[in-house]
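For the sequence shown, numbering that gives the first Met the number 0 begins at 0 and goes up steadily by one.
For each residue, glycine too, the CB sits at the ideal point set by N, CA and C.
Below is one structure, written out as structure tokens; comments come after it.
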Amino acid sequence: MAPLKGKLYQRLLLFAIFLPISGVLSFSELFFVKEPHDVTVMRKEAVILDCQARGEAPIDVRWLRNGARLVENERVYLLSNSSLFISEVESRRGDKSDEGCYQCLAQNKYGTILSQKAHLTIASMPSFALQPTPVVVTEGSVARFSCKISAHPPPIITWEFNRVTLPLSTDRITVLPSGVLQIQGVQRADAGHYRCIATNIASRRRSIEATLTVTPAPGPALPQRPRIIAGPQNVSVSLHQSAVLECLATGNPRPLISWSRADSKSIDVYNTKVLGNGNLIITDIKPQHGGVYMCRATTPGTRNYTVASANVTVLAPPSFVEWPESLTRPRAGTARFVCQADGAPAPQITWFKNGEKVHSNGRIKMYHSKLVINQIILEDDAIYQCQAENALGSVLAMARLVVVMSEDRPSAPRNIRADTVSSSAILLAWERPQYNSDKVIAYSVHYMKAEGLNNEEYQVVIGNDTTRYIIDDLEPARNYTFYVVAYMPMGASRMSDHVFQHTLEDVPLRAPEISLTSRSPTDIQVSWQPLPMKLSRGRVSNYRLCYRTSSESAVSQIELPGEKTQHLLENLQPDTIYLLRLVAATSVGWGEQSAWTSHRTPKASGAQVPLAPVLYLEPLNCTTISARWHLTPRNSASVRGYRLFYHEESQPESAPLQLQASAHKHTIGGLDPRKKYHVKLLAYSSVGEGYTADQTISTPGCVSVRDRLVPPPPPPHNVQARSNGSSAVFLHWGRPAFTSSHAVNYTVRCNPVGLQNASLVLYLQTGEQRLLVRDLEPNTKYEFAVRLHIDQLSSPWSPVVYQSTFPEAPTLPPSNIKVTLIEEDTALVSWKLPDEPNVAVTHYTILYASRNAWIAGKWQVLQREGSITMALLENLSPGQVYLVKVSASNDMGDGPFSNVVELAVRADLSTGHDSGLSHGSTQSTGFSDGFYHLDQKSMTGISVGVCIALSCIIICAFIIICRGKNRKLSAVKTYREGESASAAAAMQAGPEGEVQNAEVAVPMMSRGHFIDAKGGTSLIINSNGPVQSSSDKKKKWSFFRSEGKQDRILFQNKSNASLSYLPGATVLTYEEELSPDHSTALHNLLGRPRDAEGSSNSEGSHETGDSGRFSHDETELTNSGPNSRPPSLTEEDGGDLDCGGPAGEPGELRVKESVEAGCSRQSGLSV
0 MAPLKGKLYQ RLLLFAIFLP ISGVLSFSEL FFVKEPHDVT VMRKEAVILD CQARGEAPID
60 VRWLRNGARL VENERVYLLS NSSLFISEVE SRRGDKSDEG CYQCLAQNKY GTILSQKAHL
120 TIASMPSFAL QPTPVVVTEG SVARFSCKIS AHPPPIITWE FNRVTLPLST DRITVLPSGV
180 LQIQGVQRAD AGHYRCIATN IASRRRSIEA TLTVTPAPGP ALPQRPRIIA GPQNVSVSLH
240 QSAVLECLAT GNPRPLISWS RADSKSIDVY NTKVLGNGNL IITDIKPQHG GVYMCRATTP
300 GTRNYTVASA NVTVLAPPSF VEWPESLTRP RAGTARFVCQ ADGAPAPQIT WFKNGEKVHS
360 NGRIKMYHSK LVINQIILED DAIYQCQAEN ALGSVLAMAR LVVVMSEDRP SAPRNIRADT
420 VSSSAILLAW ERPQYNSDKV IAYSVHYMKA EGLNNEEYQV VIGNDTTRYI IDDLEPARNY
480 TFYVVAYMPM GASRMSDHVF QHTLEDVPLR APEISLTSRS PTDIQVSWQP LPMKLSRGRV
540 SNYRLCYRTS SESAVSQIEL PGEKTQHLLE NLQPDTIYLL RLVAATSVGW GEQSAWTSHR
600 TPKASGAQVP LAPVLYLEPL NCTTISARWH LTPRNSASVR GYRLFYHEES QPESAPLQLQ
660 ASAHKHTIGG LDPRKKYHVK LLAYSSVGEG YTADQTISTP GCVSVRDRLV PPPPPPHNVQ
720 ARSNGSSAVF LHWGRPAFTS SHAVNYTVRC NPVGLQNASL VLYLQTGEQR LLVRDLEPNT
780 KYEFAVRLHI DQLSSPWSPV VYQSTFPEAP TLPPSNIKVT LIEEDTALVS WKLPDEPNVA
840 VTHYTILYAS RNAWIAGKWQ VLQREGSITM ALLENLSPGQ VYLVKVSASN DMGDGPFSNV
900 VELAVRADLS TGHDSGLSHG STQSTGFSDG FYHLDQKSMT GISVGVCIAL SCIIICAFII
960 ICRGKNRKLS AVKTYREGES ASAAAAMQAG PEGEVQNAEV AVPMMSRGHF IDAKGGTSLI
1020 INSNGPVQSS SDKKKKWSFF RSEGKQDRIL FQNKSNASLS YLPGATVLTY EEELSPDHST
1080 ALHNLLGRPR DAEGSSNSEG SHETGDSGRF SHDETELTNS GPNSRPPSLT EEDGGDLDCG
1140 GPAGEPGELR VKESVEAGCS RQSGLSV
């Protein structure tokens, strides 16, 4: 017995291995050797579309055109090898034209397969979509002509000048494949007539002629900033094709064109070249070539430039990443085919069974990349094909499903029947299978809705001890289909016969959503949408409309038939709030009433205000509502914009959203699921607000795990954002790896970073995996997130990505331009940022010239960084009136120049202080960027303030001197004794201590006396206090005397005082020499004055070149007169100076230490 079992297992193992192999081998019994391809032919020309299939005979081949079977005739018929032959291609209108999509269908006993799609296109040359237009240019500038035509196949564009063909490329002339003619450095000989010629296999077409007029250049060429007159445009290019990005710029001198990528990646030099004078052409384009390209036009030798950008999108036909595999499955089993494809745009997956499109039903489910077949039956044995298709083409992959039958399995359950129990329950009963019923271990009950496609099948498993089951989670007033399957250890039985049954009606689940508008001050138009079957739970037989004013409790009601969807309430009171609600009924009874909805009737006014817009609301998903509207044709008022209100029921009304007059739709996002919202829209004009359209809508529920027993889909992944200009950002993302047969749409959330008002968040809807978000603010950082919605399921938001828009070129000039003369030949010009939000400035350009130079067109140019808002104008000529203007620039271009500000430089500046005022500045004290601009009133105020401050200082000094008078008198005696002792010591010192040397030798560290070595005062201090000589007492008011007199008295006092020093002590020798020129002594003391900031270091300066910074200290030193002397440079402050000049030079202060007794050293400070 054991050997018998072993042999049986071996046979079963071989059978299990052979079955899948045989299934794969049988699939190879039918396949295509040749398939048709896209073709473009001339009218009346013959064409052959290839199709050859191989496999087990017999093979039947048919052709389809645009999805329908093609009928043969004398002109269109099949060849012996199954190819399609068309003797004369016709281009008639409608079905008589041979243009279209062709497919070959091959069939044998294993199944049917479809070939790939082939498009037959008849060559054509329509009229020009864009004709060249006349151009007037200045000699030496650039000229550009363009034409556009949509022909099949794409035509070759050439240009003619005065009916003579131009070369495609010369030093000055460039012809782009897109139909653009560029002429650099226009000459007078270039004036004439130009036209473009489009040529393909169908025809040759000439455009109208456009005249180029060349005007002579006016005098010497003025410097001009670079300006891009034709920048690159967003372009979508198929794989392996060529992309042309135009960039044509003008300026003086001629700007240089350079290209870069916004993502900082390097440009492919092998497949990229420059065409003409700056146009970029990318050949054999690949996916890595996609991105934002930036064209930059720069003035040679400067940092003046402007930028234009465009996005290159690379389109790719579908290609399979994963192919379906042939399967062998038993009856009642499950088969899963997987098919994944890549492409741009993302390809759409379609499944075919034996050449017929597969539709989802209870057993068969289609997801994005999978086909799942449950409860396999014998009819499922077929060839299945996966088709991936996008705008660039389609590809197909195929696999076969082999269904294996077993005789040991039970037969199907018998005599299945269904009885309605209630509006949500049906009783299902059946009999046991006729064969092998004793081996049944369980039953599975399958049911789904009978109407519609893509219905989901539900399954309930019950034990083998019963043949009855009540399904109690059904919808009212619905038809359902049921079947039962029996299971045994060896497998499942065939399906039982299907049975249909419907549930009973029920009262409506809720009332319809109503829309309210007023056509006049005395009426309200009430309209509503019929309830869906899921909510009506039967056929609606009646409606009841109730209404009242907000100030009254009496309710009026009107009953309406179930077929009506609107009603007009008339003879109402103007400017009155009315409350309305609606309730629906079926044959069972009345449903739940809606909440009261308010609406105010318009005022009775003769003004022509806008009528109420026609409003349409639609829930896009459980958190988003789409609002669309349009004005009625008889609306005569001029609309200036719209105001959109929305709020949740029972919540206060929020502030309205202001929408432009051109807007006709808006997406309201960030709502709560399963909530009722009131939406109100009105148009307003210069007269006032118009009539209001009120409408209520409920958001659906977000299906959760509790509702559907399935998890929500994952969020989109790999969300990427890149700027596409100053007002647009391009987003693209990947679809997560999940499966579904329903269409997928996405919600994109966009808002500036740090936004506080949630109502300003922008929600956008799309069905693609990319979106160009427009109408953004320039130079603003935004955050983006994406979520997907499928079959009422919403994913979480994707991780947030951040992207900043490019700055916009300044549209306004700098503000508050002020020019002030600060020296005889130097003026200070200052300004502020342009008065516009989010403006980014990288550099400023200052143009200035005298009137004579301005007439000759000779401007002097300065440039400053964007962080600097002032500049010095140097080397100005006396007696001239200068004109000054400033402009702001950034990476995206140059802004306009400000109005001209005049500055008068007088020949003699001593006549007044107002000679340097600019005519463009106001006569008030201003503060701009850290510097004061002072007028006469300001100077007067400052003078008064200085006088008051000096008076206070004098009073304080007088008080201090009076208080210290007694203390100084008490120290006189001690001081005189010390002076006598010092004189006696000096007599013993020898000839070096003579008085005529005018030196003072003061012991700084003697036994009883000390001197202030810091130089703040000449006071000598001993142990009893300060000591002051009688001569000093007489000089306590000497600061009112002239400087020369002070110097003379000081010299006399110091020369009469001669003191000796102790051996080994440190002494300070002081020598004062009178100089006839105090100014020279001051310069010698300070060293050579520091030069003003040199103009040679200012980048971008042509005629002048200050650094853009101005110092008050330099001004004060420069303006100091011969008698001016800083307070820190008096003889009392000499101890603070550190002079490093050689011995004997003026301005030297030295501290020496004696080495031997009786040796006297001297040093001096010359003033």
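Asked: Test item: CB-CB of Gln223 and Gly184 under 8 Å; Found: no
Asked: Test item: CB-CB of Ala150 and Val40 under 8 Å; Found: no
Asked: C-alpha distance - Pro265 paired with Val760, whole-angstrom precision; Found: Residue identity check: residue 265 is Ser in the sequence provided, not Pro. Computed Cα separation, rounded: 35 Å.
Asked: Residue nearest to Thr746 in terms of C-alpha spacing, selected from Arg91, Leu619, His598, Pro475; Found: Leu619
Asked: The region 873 to 881 in contact with the region 831 to 846 per 3-pair CB rule at 8 Å; Found: no
Asked: Burial state of Asp505, where buried means 16 or more other Cβ atoms lie within 10 Å; Found: buried
Asked: Cβ-Cβ separation, Val337 to Ser308 (assumed contact under 8 Å), whole Å; Found: The pair is not a contact, with the Cβ atoms about 41 Å apart (cut-off 8 Å).
Asked: Reduced DSSP category for Asp170 - H, G, I as helix; E, B as strand; rest coil; Found: coil
Asked: Cβ neighbour criterion (16 or more within 10 Å) applied to Cys385; Found: buried
Asked: Residue span of the alpha helix (DSSP H) that contains Trp853, given as start and end; Found: 850 to 854
Asked: Cβ contact check for the region 792 to 809 and the region 719 to 739: 3 or more pairs under 8 Å; Found: yes
Asked: Residues near Ser920 by beta carbon distance below 6 Å, same chain, minus five either side; Found: Residue placement at Ser920 is poorly supported in this model, since its pLDDT is 38, which falls under 50; the coordinates still yield a value, given next. Once the five neighbours on either side are set aside, the close Cβ partners of Ser920 are Lys817.
Asked: Beta carbon of Thr198 nearer than 8 Å to that of Pro154; Found: yes
Asked: Which listed residue (Ala396, Ala334, Val306, Asn360) has its alpha carbon closest to that of Thr349; Found: Ala396
Asked: Gln181 beta carbon less than 8 Å from that of Leu247; Found: yes
Asked: CB of Phe394 within 8 Å of CB of Pro323, strictly; Found: Contrary to the premise, residue 394 reads as Val rather than Phe in this sequence. Contact flag unset, no.
Asked: Cβ shell of Arg203 (< 6 Å), same chain only, five flanking positions each side left out; Found: none
Asked: Three CB pairs or more closer than 8 Å across the region 415 to 427 and the region 479 to 491; Found: yes
Asked: Tyr615 versus Glu512: straight-line alpha-carbon distance, rounded; Found: 12 Å
Asked: Beta strand (DSSP E) segments (min. 3 residues) lying fully within the region 54 to 134; Found: 59 to 64, 75 to 77, 83 to 85, 99 to 107, 110 to 113, 117 to 121
Asked: Continuous alpha helix (DSSP H) assignments of at least 4 residues falling wholly in the region 525 to 594; Found: 532 to 535
Asked: Distance between Leu426 and Ser653 (C-alpha atoms, nearest Å); Found: 51 Å
Asked: Enclosing beta strand (DSSP E) for Val38 [first to last residue]; Found: 38 to 40
Asked: Gln374 beta carbon less than 8 Å from that of Ser410; Found: no
Asked: At least 3 beta-carbon pairs within less than 8 Å: the region 54 to 63 vs the region 133 to 143; Found: no
Asked: Neighbourhood of Met794 by C-beta, 8 Å cutoff - its chain only, sequence neighbours within 5 removed; Found: The amino acid at residue 794 is misidentified as Met; the sequence shows Ser. Closer than 8 Å at Cβ, skipping near neighbours: Pro711, Pro712, Pro713, Pro714, Pro715, Pro735, Arg786, Leu787, His788.
Asked: Unbroken beta strand (DSSP E) run spanning Ser1170, endpoints; Found: The chain is shown only over 0 to 1166; residue 1170 falls outside these bounds and no answer can be derived.
Asked: Residues near Phe106 in its chain [Cβ-Cβ closer than 6 Å; skip 5 each side]; Found: It is worth fixing the name first, because residue 106 is Gln in this sequence and not Phe. So the qualifying residues of the chain are Asp59.
Asked: Spatial neighbours of Asp262 in its chain, beta-carbon cut-off 6 Å, leaving aside the 5 residues before and after; Found: Gly290
Asked: Backbone secondary structure at Leu949 - three-state DSSP; Found: helix
Asked: Cutoff 8 Å; reference Leu18; Cβ partners in own chain excluding five residues on either side; Found: The predicted position of Leu18 is uncertain, since its pLDDT is 41 and thus under 50; a value taken from the coordinates is nonetheless stated next. Closer than 8 Å at Cβ, skipping near neighbours: Thr327, Val401, Val403.
Asked: Simplified DSSP state of Cys1167, which is helix, strand or coil; Found: Since the displayed the chain opens at 0 and closes at 1166, residue 1167 lies outside it and no answer follows.
Asked: Contact under 8 Å by Cβ, Tyr843 with Ser886; Found: yes
Asked: Cβ separation of Ser593 and Ser540, assumed to be a contact under 8 Å, to the nearest whole Å; Found: Wrong, their Cβ atoms sit about 18 Å apart, outside the cutoff.
Asked: Own chain residues within Cβ distance below 7 Å of Gly462, not counting five before or after; Found: Ala441
Asked: Boundaries of the beta strand (DSSP E) in which Ile469 is found, first to last residue; Found: 467 to 470
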